[in-house]
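> Structure below; questions to follow.
Residue numbers (our numbering), protein chains in the order written: chain A, 1 to 332; chain B, 1001 to 1333; chain C, 2001 to 2299.
Written out as structure tokens, the structure is:
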């Protein structure tokens, strides 16, 4: 296994999230979907945000995208604060640079529009100077990037397979020539063979265009294959941040270990490399009143006294490997 | 009438022979299952692998005869022990559904009726399952509580009186498992039981199903498109493509060396932890169930499918080993 | 032309073909349903009859003011399909002219209500929770809360009772139902991922409403318009029947019924014609609406 992150490390930061909080007020109380997280995204890397449902990973992505505005804290994109600007208020150049691919292509593509209309909408906005021939040329180029052909141009999303639909969604996102692409569970609604096609395409495009990805997923096998760095989130907090290699070989936080142990492996060799220490148990508690102290304490098999009393901080344990756990952090 | 418990071959608890199922829509006829034959022995754990739309769920539904109104079994036989389910009386079919076979559905929210409590759900199943035994309600509630304890639900008394929407996805799936177990005395059919759940919950549910099946000595058919799950849970696997069985093998042999080109592709493209990604772009178009290709169903997409025989002749069963079968011309000659 | 240009124009050409192909398929789906086809044929026959009423009716002069006392109160026969009325006019002729008036009314009402109701509904639904939503929807609620007939009657009573005011009345009581339907569908669709994707691309709100959301709700809108057309006929006839719509001698179906009611039951055939006319008209619209629903559902 390689360590791609090493090469990328010195590159510049394009997105900086600082003490981001996003609370939702509901009838039952305040849901603390994201509760004080900070991380950086470097240019050209793939940062995966991993966690179960309710961990706040999707909310984080939505704040970056602008679907929600931050309750507190800030998101800097190229040193401009964007966390407090909602999507409709964002200038066009910003919308062009941050694009998104949603989970389910069946709902992220307008069922009444052909592939051509879908991609053309994007091109018309960002390249208003092109005439209709040039637009088609551009469309063919985009379809080429994602491995589709002109035969797909006049089909409705309903006439395409799941994988192809997701590729169309990707082509649409690429139409604006973005810098940062948010991938919200891009493969979880797809079949196995379609999954790998999307992932390989994503890798190739990143290589060619120097794109930065933020990958939101719960599937660790997918993460392993395409991401450079991983943020593990649990109940609105980042519990561990490290390179993919580190996470898969030396995961330190019990929650990360639990996630890794629950991957159903497809061969004996795979089972061997994963830590088999932590038997999955329990469910994610409600984010309205999370457990006191360490939020994972209610499910953690190793929890000790201090875990329920004091909240652990995200600290660098080894170089570039941050963990928020009392058992790991030395100053306990 | 009763289903005989004695007269049958232990290797053949459930046998499906040459089953054909068609769906009719307003305009078209979809050939969803084509010549399916499977066999489940007593206490055996079977897996069925295939992508979505391969006909896996239809197969389970036709075994229980709960196909949607536009679905029809056009030919074939389904034997449960010595009873032909397609020809037996309604009474026997009900007995089998109520007392012998249980099914876990894919979406636990859809399988539970939101206006009834968990107690209502469980008691209904239990009442049918213990029809002849003449058990009164308090005993049934005790059985229900036992089932909930078996499925490791914390605080079963409280859960019994709650409504489905008050429970988390994992809890709901446990309830659905408890309901399936109430009627599954011999065979458990599990249709993607963990697809909509988080990984850590998935692992717990799978472990639970595995343990319960083992403890109660049930046979099981597990459907999934997640290969890792099948590997963990089953002894023997059928691979389905386009409404056909294309390969059958003991699980460990299949995972060591898949034979059919489709199975190979499936394994090759599955995201793995150890190896880097590999994508094989299938040629051709997705399968159209309205007019399936002649010959082998997979030939238009198969990397070796250009030969005359693949295009024209439907592959026969090829016994590669004593316990391995593959439906492919490559192994025929 | 260079090679690439030829290829590009070939693609544009293909797009046109695909559009025609889609229309062809929609027609095919429509045709498949016997009832829808019956509705369509009935509808188009009635429409053609209404348009060319002067040529298809035996006594076009009988439509309005005409008196022939010798021929009054004739029961139905081959010359007078529905008989003649108290002034000796051919009822069949008058009914066909009545169709013309009914179609005119439907046409005008729909062409006002459909765009206005849809646009208001889109705006309110898309800006749900904003002041635009509140002002539009509360206005709609106000109109809905008044019983429809009372509203229509008061409008016709305040203004002069004639056909134009009847149309105004129907339009006023009808638009909120449209707006409400479009509103509920729009507010459900405005958080769909494809709408968010469009926002992320920088599509303007107005384009999101009309290019992303509208095509997805057009099917139900058109279906409802067709089914409601029957209702417009009925309410128009009611208003006329009560003497607040078209005034005699205008050949309006509702007016005719109220005019001929007086002679019931002695000259019973007189009201059969206009009643049958209304029934057939309503049936054709209902069948057509059902057919349209099938077409849109089939996609």
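For every residue, glycine included, the Cβ atom is placed at its ideal position computed from N, Cα and C.
Quick check on DSSP: helix, strand or coil for residue 2267 of chain C?
Correct three-state label for residue 2267 of chain C: coil.
> Going along the region 2002 to 2031 of chain C in order, which residues come within less than 8 angstroms of chain A, judged by CB to CB distance?
Within the region 2002 to 2031 of chain C, the residues whose Cβ lies closer than 8 angstroms to some Cβ of chain A are 2004, 2005, 2008, 2009, 2011, 2012, 2014, 2015, 2018, listed in chain order.
> For residue 71 of chain A, which of helix, strand or coil comes out of DSSP?
DSSP places residue 71 of chain A in coil when its eight states are reduced to three.
> Return the Cβ separation of residue 1198 of chain B and residue 52 of chain A in integer angstroms, given the expectation that the two are a contact with Cβ distance under 8 angstroms.
At roughly 4 angstroms, the Cβ-Cβ gap stays under 8 angstroms, so residue 1198 of chain B and residue 52 of chain A are in contact.
> Taking the alpha-carbon positions, what's the residue 164 of chain A to residue 310 of chain A distance?
Rounded to whole angstroms, residue 164 of chain A to residue 310 of chain A spans 49 angstroms at the Cα level.
> Check whether the region 1267 to 1284 of chain B and the region 1054 to 1066 of chain B are in contact - that is, three or more C-beta pairs closer than 8 angstroms.
They do not touch, by the three-pair rule.
> To which residues of the same chain is residue 1024 of chain B closer than 6 angstroms at the C-beta, ignoring the five residues directly before and after it?
Taken in chain order, the residues that qualify are 1070.
> Under the assumption that residue 252 of chain A contacts residue 325 of chain A (Cβ atoms under 8 angstroms), give the Cβ distance between them as a whole number of angstroms.
Confirmed, Cβ separation roughly 7 angstroms.
> To the nearest angstrom, how far is the alpha carbon of residue 218 of chain A from that of residue 1210 of chain B?
Near 23 angstroms, if we compare the C-alpha coordinates of residue 1210 of chain B and residue 218 of chain A.
> Might you give, ordered along the chain, the residues of its own chain that have their beta carbon closer than 8 angstroms to the beta carbon of residue 1397 of chain B, omitting 5 neighbours on each side?
With chain B running from 1001 to 1333 in the structure shown, residue 1397 of chain B is simply not present.
> Among the candidates A:13, A:63, A:209, A:96, whose CA atom is the shortest distance from the CA of residue 78 of chain A?
Checked all of A:13, A:63, A:209, A:96; the closest Cα to residue 78 of chain A is A:13.
> Please give me, in chain order, every unbroken run of the alpha helix (DSSP H) with length at least 4 that falls completely inside the region 1129 to 1193 of chain B.
Taking only runs of at least 4 residues, the alpha helix (DSSP H) segments lying wholly in the region 1129 to 1193 of chain B are 1137 to 1150, 1156 to 1160, 1169 to 1183.
> Can you list the beta strand (DSSP E) stretches of 3 or more residues lying completely in the region 1026 to 1065 of chain B, in chain order?
Runs of the beta strand (DSSP E) inside the region 1026 to 1065 of chain B: 1029 to 1040, 1045 to 1049.
> What residues from chain C crowd round residue 108 of chain A, counting only those whose CB sits closer than 7 angstroms?
Per Cβ cutoff of 7 angstroms: 2193, 2194, 2197.
> Give a yes or no on whether the minimum CB-CB distance between residue 30 of chain A and chain C is below 8 angstroms.
No, because no Cβ of chain C sits closer than 8 angstroms to the Cβ of residue 30 of chain A.
> List, in order along the chain, the chain C residues whose C-beta lies closer than 8 angstroms to that of residue 100 of chain A?
Residues of chain C passing the Cβ test: 2196, 2197, 2200.
> Taking any Cβ of chain A, which residues in the region 1037 to 1054 of chain B have a Cβ under 9 angstroms from it, in chain order?
Residues passing the 9 angstroms Cβ filter: 1051, 1052, 1053.
> Give the DSSP-derived three-state secondary structure of residue 2220 of chain C in the structure shown.
Here residue 2220 of chain C sits in helix by DSSP.
> In three-state DSSP terms, what is residue 1322 of chain B?
In this structure, residue 1322 of chain B counts as coil in the three-state DSSP scheme.
> Bridge partners for residue 1250 of chain B per DSSP, in chain order?
Answer by DSSP bridge pairing, in chain order: B:1236.
> Helix, strand or coil for residue 310 of chain A per DSSP?
Three-state DSSP puts residue 310 of chain A in coil, outside helix and strand.
> From B:1326, B:1091, B:1073, pick the residue whose C-alpha is nearest to that of residue 1261 of chain B; which is it?
Of B:1326, B:1091, B:1073, the residue nearest in Cα terms is B:1326.
> Measure how close the beta-carbons of residue 1269 of chain B and residue 192 of chain A come, nearest whole angstrom, since I'm counting them as under 8 angstroms.
At roughly 6 angstroms, the Cβ-Cβ gap stays under 8 angstroms, so residue 1269 of chain B and residue 192 of chain A are in contact.
> Let me see if you follow: with CB-CB separation under 8 angstroms, is residue 2203 of chain C close to chain A or not?
With 8 angstroms as the cut-off, residue 2203 of chain C counts as an interface residue toward chain A.
> Can you list the alpha helix (DSSP H) stretches of 4 or more residues lying completely in the region 2131 to 2195 of chain C, in chain order?
Correct list: 2131 to 2145, 2148 to 2158, 2163 to 2189.
> Can you list, in chain order, the residues of its chain with a C-beta nearer than 8 angstroms to that of residue 1183 of chain B? Leave out the 5 residues immediately preceding and following it.
Closer than 8 angstroms at Cβ, skipping near neighbours: 1097, 1098, 1099, 1100, 1101, 1102, 1125, 1128, 1129.
> Can you tell me whether DSSP reads residue 225 of chain A as helix, strand or coil?
Of the three classes helix, strand and coil, the one that applies to residue 225 of chain A here is helix, per DSSP.
> Counting only the same chain and skipping the five closest in sequence on each side, list residues whose C-beta sits under 7 angstroms from that of residue 2159 of chain C.
So the qualifying residues of the chain are 2165.
> If we define contact as Cβ-Cβ less than 8 angstroms, is residue 2215 of chain C a contact residue for chain A?
Chain A contact via Cβ: present.
> I want to see whether chain A comes within less than 8 angstroms of residue 2212 of chain C, judged by CB atoms only; does it?
Taking Cβ atoms only, chain A reaches closer than 8 angstroms to residue 2212 of chain C, which makes this a yes.
> Could you tell me the distance, in whole angstroms, from the CA atom of residue 2114 of chain C to the CA atom of residue 2172 of chain C?
Approximately 12 angstroms between the Cα atoms of the pair.
> Less than 8 angstroms between the beta carbons of residue 2215 of chain C and residue 112 of chain A, yes or no?
Going by C-beta atoms, residue 2215 of chain C is nearer than 8 angstroms to residue 112 of chain A.
> Less than 8 angstroms between the beta carbons of residue 222 of chain A and residue 173 of chain A, yes or no?
Not closer than 8 angstroms, so no.
> Among all the DSSP beta bridges, which residues are the ones paired with residue 2084 of chain C?
According to DSSP, which records beta bridges pairwise, residue 2084 of chain C is partnered with C:2090.
> Where does residue 180 of chain A sit, in a helix, a strand or coil, going by DSSP?
DSSP places residue 180 of chain A in strand when its eight states are reduced to three.
> Select from the region 1169 to 1201 of chain B all residues with a C-beta closer than 7 angstroms to any C-beta belonging to chain A, and list them in chain order.
So the close ones are 1170, 1198, 1199, 1200, 1201.
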